[in-house]
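Read through the structure below, which is laid out as structure tokens, and then see the notes.
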């Protein structure tokens, strides 16, 4: 098989594993995918290992130049788990049967994160084949990123010696646009929780009881509507207390990205944008925290009407955080706020899901300039952008804490790759481009 | 087979048809059930007929005393369709496989309305067998009551001559309590609509777009939370304009029912009641209009978290109305209110479902006293209660309009029969009790 066909075939095999970490029923698929990855790393000439956890395993793979002595060592992190995906969410085909459409690969995980980590694997595989990578390398590919990386910290701690490195590299962020190389120097954090309300002990006839028995959906809409004021600011007391004010150069860099509010609106396909006054869309996404309702459910949802006064209503919430907000503290403030506002007509249960710290790392220091040079080379001299990403990669804070190194965020995803949405895509050409970037980056790091 | 076993066997067969009128896929079951009913009426010695409609058919059955001359004629109305029911709604067994449990029959439709119309069929069957009913009788049993009886009016109009009568009788309401015979003299009406919001054109990553793109669930919670003020009053302008003020004797009759707020709370299994100040629970249910959210849905609802900013959110709403509110007018006011409040960040689509007029009929006039005497006889001399029902039976207003007669509402259902909820029940003994009531009622009407 020609090399390019083999690469595509391997990438498609990778995408076919339905590695939805949020669904416990998918654990066998996650395990199969980890075994598949370990085999690939082995075939590359790396020393691969599967580290078991109480959940999905972590795949580790290392390579050192034989007799290389004291060299730079780079940790490359990625994840093989993906967000949930069902045909009825709006996919035009099976989310786990990849298709190539106009140069774009359509499949769940194509960009987040299988495509991006696979590009790094290609770069290292090529380098080893041609005599060796510019630095020693260790890959850490986990299977629980989409549900909070709960078990990764323990693995990093247990293998701390094996994983010692000078810097970490992650491609799990967006570029400013197609062929606009981008260094992401900050990420938002996250606090996630679920609110379950129970009113009557069973579903009631809304005619027979309506007006006297309080509907938990009504209470839920009131509690959730109260989370924002008329200026789209979050009303939870203390929420903004620790929010970092961006420097002037950061607001200029945000403007230099050239992503207008109209462009964000176009990508989202939204009738009109909203959000806090005084910020552009790109600033709201990068520099400001949010309260988001990711899901809501209650009562009858089938065809036609049903005159029911339901027993239960619930919602899934996430709060995106910026430095120096703390996920546990924010979850506590939200919980306190909701408990205080909740009327006695319903019982409330709050479940905390994963949290992740926000991240900020000065791009003008340490290995930042090396990353900028590598990005420029890989994209044939194009200007490199500086970005504050709205998403969360909790692991960067864990890497800083456990391994004591910073992370270079050199994403290969595009803003309209629909990560987490239906018909997620990745440009097939970025596999090769990403491999080039990987080799340039290891080379620049080796010289820094 | 002994007679009682035969009765139970027939009743259970009736309950086994999954006649969910809200689900278009169930239409064949509705047609089968109508054919089954027509056969039963025929076996009783009545002239039965199935009247086709664009939806579920209407079963008609008439009987006249041979050579009876000028006699009273009574129309008995019921419905063979039921509310949706799925195991996962909280049923302890198959909703369409009836079970007898401590004297109660558990099945969807056991009380609403299959059990109650079946009791009238038993009464008339017995009377015909013993030489003839006290009045001429015509049954009208439809299959679209739970979705608004859209096609019934046309059938009544087309068969107006066949259906001429002195009064109509319906058992599709609650008794005040077990063995407390009750005449219902009013019903709430209903206006139903669905609100669908679309924000972004596809589901987005809540990290990548959150803060700039407005979440349609957020907008929906704000719109719905705004439907009530802090005193549980509906905020839609003009909503209360035509609401009838109850007379002093009605508030006394409501009190005489002896249903305390605590009892309503116990039936509902609710932590605490709510509603408009200045009214008891039973008054809020009978005399006051409501705005109810019967269902809400949007975003991710599976296990665990998902960081999605969804494209769509929607809700099903019903408004319970009292005299002299008009369903079309109220639906119009609500639509206008929501359109005005809806921000430009989402697209709103409002779909109107069925409407039903509220009903009020003075129980001291016309055939009211005959009904009270019959109820007293059937329940061995017990005091008869006067009730304002919170539910809706749109057909009573149609009967008044098309046939020019009032309706006696002599329900056999109990407040905790869980009509519309999971594990709906009906006391098996009320089949016989209802048959007695039917015979006493026809007898009293024949003398009035």
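Residue numbers (my numbering), protein chains in the order written: chain U, 757 to 1204; chain D, 757 to 1204.
Backbone N, C-alpha and C define an ideal beta-carbon position, used for all residues, glycine too.
In this text the structure is predicted, and so the values were computed from the model without any measurement.
If you draw a 10 Å sphere on the C-beta of residue 1026 of chain D, you find 16 or more other C-beta atoms in it, and that means buried.
Residue U:1135 holds the alpha-carbon nearest to the alpha-carbon of residue 931 of chain U among U:1135, U:1197, U:1102. For a cut-off of 8 Å, the C-beta gap from residue 1162 of chain U to residue 942 of chain U is around 12 Å, too long to register as a contact. A direct Cα-to-Cα measurement between residue 1167 of chain U and residue 780 of chain U gives close to 29 Å. Taken in chain order, the complete beta strand (DSSP E) segments of 3 or more residues contained in the stretch 827–862 of chain U are 829–835, 855–857, 860–862.
Contact annotation: in the stretch 945–964 of chain U, residues whose CB is within less than 9 Å of a CB in chain D are 946, 948, 949, 950, 954, 955, 956, 957, 958, 959, 960, 961, 962, 963, 964. Within chain D, the C-beta atoms nearer than 7 Å to that of residue 839 of chain U come from 1062, in chain order. Counted as a single uninterrupted DSSP element, the beta strand (DSSP E) harbouring residue 817 of chain U occupies residues 814–819. Out of U:805, U:858, U:946, the CA that lies nearest to the CA of residue 1109 of chain U is found in U:946. Distance from residue 1033 of chain D to residue 958 of chain D at the Cβ level is roughly 45 Å; contact not present, criterion being Cβ atoms closer than 8 Å. Within chain D, the residues whose beta carbon sits less than 7 Å from that of residue 1048 of chain U are 962, 966, 971, 1065, listed in sequence order. When C-alpha distances from residue 1200 of chain D are compared across D:823, D:1147, D:829, D:795, the shortest belongs to D:829. From the listed residues D:773, D:1061, D:997, the smallest Cα separation to residue 839 of chain U is found for D:1061.
Secondary structure in the stretch 857–919 of chain D: the beta strand (DSSP E) runs of 3 residues or longer, each lying completely within the stretch, are 860–862, 892–898 in chain order. The beta-carbon distance between residue 1195 of chain U and residue 882 of chain U, rounded to whole angstroms, is 7 Å. This is short enough to meet the 8 Å contact definition. 988, 1017: these are the residues of the stretch 988–1019 of chain U whose beta carbon lies less than 9 Å from some beta carbon of chain D, given in chain order.
Among the residues facing chain U, residue 1040 of chain D is included, as its CB has a counterpart in that chain under 9 Å away. Within the same chain, Cβ atoms closer than 6 Å to the Cβ of residue 1010 of chain U are found at 1038, 1039, the five residues on either side in sequence being excluded. In this structure, residue 1079 of chain D lies near residue 1000 of chain D, with their beta-carbon atoms less than 9 Å apart. With respect to the C-alpha of residue 1115 of chain U, the residue from U:1123, U:1165, U:989 having the closest C-alpha is U:1165. Taking the Cβ atoms as the reference, residue 972 of chain U lies roughly 6 Å from residue 954 of chain U, within the contact range of under 8 Å.
Residue 1194 of chain U: member of the alpha helix (DSSP H) spanning 1185–1203, first to last residue. For residue 1048 of chain D, the enclosing beta strand (DSSP E) covers residues 1046–1055. The beta carbon of residue 956 of chain D sits closer than 6 Å to those of 969, 1067, all from its chain and outside the five residues before and after it, given in chain order. Under the three-state reduction of DSSP, residue 990 of chain D is assigned to strand. In the DSSP assignment, the residues bridged to residue 1116 of chain D are D:942. Straight through space, the alpha carbons of residue 902 of chain D and residue 847 of chain U are spaced by roughly 34 Å. Spanning the alpha carbons of residue 1059 of chain U and residue 778 of chain D requires a straight line of approximately 6 Å. Proximity to residue 1107 of chain U across U:1090, U:1118, U:1101, U:1113 peaks at U:1090, based on C-alpha coordinates. Residue 1108 of chain D has D:949 as its beta-bridge partners, per DSSP. In this chain, residue 1022 of chain U is not harboured by any beta strand (DSSP E); it is covered by the alpha helix (DSSP H) spanning 1017–1024.
Beyond the five residues adjoining it in sequence on each side, residue 921 of chain U comes within less than 7 Å, by CB distance, of 829, 830, 831, 894, 1159, 1161 in the same chain, given in chain order.
In this structure, the straight-line span from the alpha carbon of residue 1185 of chain D to that of residue 1124 of chain D is close to 25 Å. Residue 1164 of chain D is bridged by DSSP to D:925. Annotated three-state conformation of residue 1013 of chain D is coil, per DSSP. Look at residue 917 of chain D: its C-beta is not under 9 Å from any C-beta on chain U.
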